[in-house]
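Working notes for the structure below.
Number of protein chains: 2
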Amino acid sequence: MSFAFNNPDKLSPATASRILEVAASMGYRPHPVARMLTQRHTMSIGVVTPQSLATAFANRFFGQLSEGIALVAEEAGYALAFIAPERGSLSAALDRATVDGLLAIGLPATYPEIDRLRSAGIPLVQVDSTALPDSPSIMVDDEGGAYSSAAHILDLGHRDVLTVVIAPAAPFPPGPNHGVGPDRLRGYQRAFVDRGLEFPRARIIEATPSIDGGARALTEAWAAGMRPTAVVAMSDAIAFGVMAGARSLGLRVPADLSIIGFDDVDMAVLTDPPLTTVNQPVRAKGEAAMRLLLDLVAHRDVDPLQVRTMPTRLIVRGSTGPPP
Amino acid sequence: MSFAFNNPDKLSPATASRILEVAASMGYRPHPVARMLTQRHTMSIGVVTPQSLATAFANRFFGQLSEGIALVAEEAGYALAFIAPERGSLSAALDRATVDGLLAIGLPATYPEIDRLRSAGIPLVQVDSTALPDSPSIMVDDEGGAYSSAAHILDLGHRDVLTVVIAPAAPFPPGPNHGVGPDRLRGYQRAFVDRGLEFPRARIIEATPSIDGGARALTEAWAAGMRPTAVVAMSDAIAFGVMAGARSLGLRVPADLSIIGFDDVDMAVLTDPPLTTVNQPVRAKGEAAMRLLLDLVAHRDVDPLQVRTMPTRLIVRGSTGPPP
DNA sequence: TTGTAAGCGTTATCAG
DNA sequence: CTGATAACGCTTACAA
């Protein structure tokens, strides 16, 4: 009888459709959980983020990444389940997850929670982190991109620059210790030292990667008496917020304040002024990661330890200029 | 023994932790699917969209809605699974879905596919549609919002206006027949007739709700010889695209072309010029819908047929002005 | 083609 | 507190 649902071809079409018809008329639907149990796969893959989902969705970067992820997941017939820490514990959420594979986005370098999962034999690929050394990663050249971004600002003549980094998600210690944070910070720093300048630690502040977070960061810095001529933001979402904050402070961009972001999210072209930023292939990154994961899930022959790095490049638009 | 995992309180702490320890050392993890089967709930709820997920994520509106949805889902300990048509069939995707409840976003008025699901007894709440008359809905005043948007344009003196509506997702017939489409269209129309004007059907074009879609719509209209002085878009994503398209056509906004959107997505303030649009409480809508669904899932006492309508309002910013 | 029974990995129940 | 046993609702192999 279950042939009707699963191998309709092994049955005479007449019988099969008759069964299906009766089933439909009785309102019968095979219990998907019981099905999973015997079939030993769920046809869904989990997208893991260390932040809350609400925080993740607040950032357009995550949306665009999901776009790429969803694109290839859908064409392969996989559904997407989003997994975020529940009541602070990613492990707990992971334990309930019924997925055939895991895509981990921007995992902190020290994340004991996920080890258990990996050891359970579920294929995993990382995006924007190499926290798990024995799982493959899809990265972009964060350090290089960050370098070119700070270099651009410095070469414009700015000397008092505020660096706004991405604040770690709730259960993690503050400081740029996860995902793209360390690499980008290193890039910024190198740009300074390359020019014989000191990278001013006191001018580094944290913000949650959202418009609100960026706006708050600038207004607080301002309130604290800082008067930078430029701000280098670790994400476009933050940069947009800084832009909004600058506006409410009565600052003109870039005449009074230059702003540079990171990601080159689709809205970056449309802001007033258009945002100078570092482009990374967000959607393509999501697609590549998902494709790799699907290969792993299907036991296709791929290097299970590969670390693939995609290029970044500076995009100069209107939000940066010489200091006042 | 499973007490250790599920009711640790019914066991002496010593025993419980001993069990957990041994389990961990053996790399044991309770099989989540088997667990679901006996516990008869999955602790996850499904977000259903009639479009492909990639399309949905391309629209910031969906991201902001998801933000609200995720916020309350997370605090209640529920995970989110996104369900989109797989190989054209929403039914197929729905059949595999292991969820305790369903949140349907913008379902077309005629959507036989979902009937089966509802009859399977899974709680369902609709957002932006009343396709299923015996399920509750969370709506916004689409007609009123649309009315005020077209009225604003008309009262500015525009007479040649292009209306860009949301194109239905792949398997559906073209025409504004699903989700918010009909209501908003009716609002536009009423604004015209109220002013003794004819609502020009020939000046209605469709676009996928994304920046690309909007840009394409304008450039194609232009190529077809249309020279509107204003465009009324059914979504901010489309309006942003129209803005980009206008720019590439060398048109100044609003001097040469006025543009008005719908949604008041977070980026609307930051564009150049800031977008005039219709505000709707996107995040709050997601929160309300999820809260209602959770009530239903928990058999809490709520009106299972309620239709709640949240307000919309015109926000005049810089992208609209008098005709040239 | 149809029917029967074993197994999937848990949780829950009921004696010991 | 421990140990055995019956569900949970399906798929699949095997027998009829």
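Protein chains in written order, with this note's numbering: chain A, 1 to 324; chain B, 1 to 324. For each residue, glycine too, the CB sits at the ideal point set by N, CA and C. Please read these numbers as outputs of a predicted model, since none were measured by experiment.
- Residue contact with chain B for VAL33 (chain A): present (Cβ-Cβ distance below 7 Å to some residue of chain B).
- Rounded to the nearest whole angstrom, the C-alpha separation of LEU162 (chain B) and LEU275 (chain B) is 17 Å.
- Put simply, the backbone Cα of VAL22 (chain A) is about 51 Å away from that of ALA150 (chain B).
- Sequence-distant partners of THR320 (chain B) (beyond 5 residues in either direction) whose C-beta falls short of 8 Å from its own C-beta, in its chain, are HIS152, ILE153, LEU156, ALA230, PRO254, SER258, ILE259, ILE260 and THR276.
- For LEU80 (chain A), the beta-bridge partners assigned by DSSP are A:ILE45 and B:PHE82.
- One thing to note: GLU206 (chain A) has its Cβ within 7 Å of the Cβ of VAL165 (chain A).
- The C-beta of PRO311 (chain A) has fewer than 16 other C-beta atoms within 10 Å across all chains shown, which makes the residue exposed.
- Annotation for LEU197 (chain A): LEU154 and ARG159 place their beta carbon closer than 8 Å to its own, counting only its chain and skipping 5 residues before and after.
- One alpha carbon belongs to GLU143 (chain B), the other to GLY106 (chain B), and they sit about 15 Å apart.
- ALA16 (chain B) places its beta carbon less than 7 Å from that of ALA4 (chain B).
- Cα atoms of VAL297 (chain A) and PRO200 (chain B): separation of roughly 53 Å, rounded to the nearest angstrom.
- The beta-carbon of GLU86 (chain B) is placed less than 7 Å from the nearest beta-carbon of chain A.
- Around the CB of GLU220 (chain A), fewer than 16 other CB atoms lie within 10 Å, so the residue is classed as exposed.
- Per DSSP, the beta-bridge partners of VAL127 (chain B) are B:ILE105 and B:ILE138.
- The count of Cβ pairs closer than 8 Å, one atom from the region 237–254 of chain B and one from the region 278–285 of chain B, stays below three, leaving the stretches out of contact.
- Identification of chain A residues near PHE262 (chain B) by a Cβ-Cβ cut-off of 9 Å yields none; the smallest Cβ-Cβ distance measures about 17 Å.
- The C-alpha of ARG87 (chain A) is placed about 31 Å away from the C-alpha of LEU292 (chain A).
- The residue from A:VAL269, A:GLY214, A:VAL125 and A:PHE57 with its alpha-carbon nearest to that of SER235 (chain A) is A:GLY214.
- Here the C-alpha atom of PHE62 (chain B) lies approximately 38 Å from the C-alpha atom of GLY225 (chain A).
- Around the beta carbon of THR38 (chain A), a 10 Å sphere encloses fewer than 16 other beta carbons of the protein chains shown; the residue is thus reported as exposed.
- Beta-bridge analysis with DSSP links ASP236 (chain B) to no other residue.
- If you compare the alpha carbons of B:LEU270, B:ASP301, B:LEU294 and B:PRO136 with that of GLY318 (chain B), the shortest gap goes to B:LEU270.
- Residue-level contact check: ASP272 (chain B) touches chain A, since one or more beta carbons of chain A fall below 7 Å from its beta carbon.
- According to the DSSP assignment, GLU206 (chain B) belongs to the beta strand (DSSP E) that extends over 204–207.
- Collapsing the DSSP output to three states places ASP263 (chain B) in a strand.
- Annotated as proximal: VAL48 (chain A) and ALA104 (chain A), with beta-carbon spacing under 7 Å.
- In this structure, DSSP gives SER52 (chain B) a state outside helix and strand, which the three-state scheme calls coil.
- Taken through DSSP and simplified to helix, strand or coil, ASN279 (chain B) comes out as strand.
- Under the three-state reduction of DSSP output, ILE122 (chain A) falls in the coil class, being neither helix nor strand.
- Around the beta carbon of GLY27 (chain A), fewer than 16 other beta carbons lie within 10 angstroms, which makes this residue exposed.
- In this structure VAL265 (chain B) does not touch PRO136 (chain B) by the C-beta definition: roughly 25 Å separates them, more than the 8 Å allowed.
- For the options B:ASP134, B:SER89, B:LEU53 and B:THR42, the alpha carbon positioned closest to that of VAL99 (chain A) is the one of B:THR42.
- Residue pairing of SER89 (chain A) in beta bridges, as defined by DSSP: A:GLU86.
- Distance from THR208 (chain B) to THR110 (chain B) at the Cβ level is roughly 20 Å; contact not present, criterion being Cβ atoms closer than 8 Å.
- In the three-state DSSP reduction, ALA97 (chain A) falls in the coil class, being neither helix nor strand.
- Taking SER91 (chain B) as the centre and dropping the five residues before and after it, the same chain places the C-beta of GLU113 closer than 6 Å to its C-beta, in chain order.
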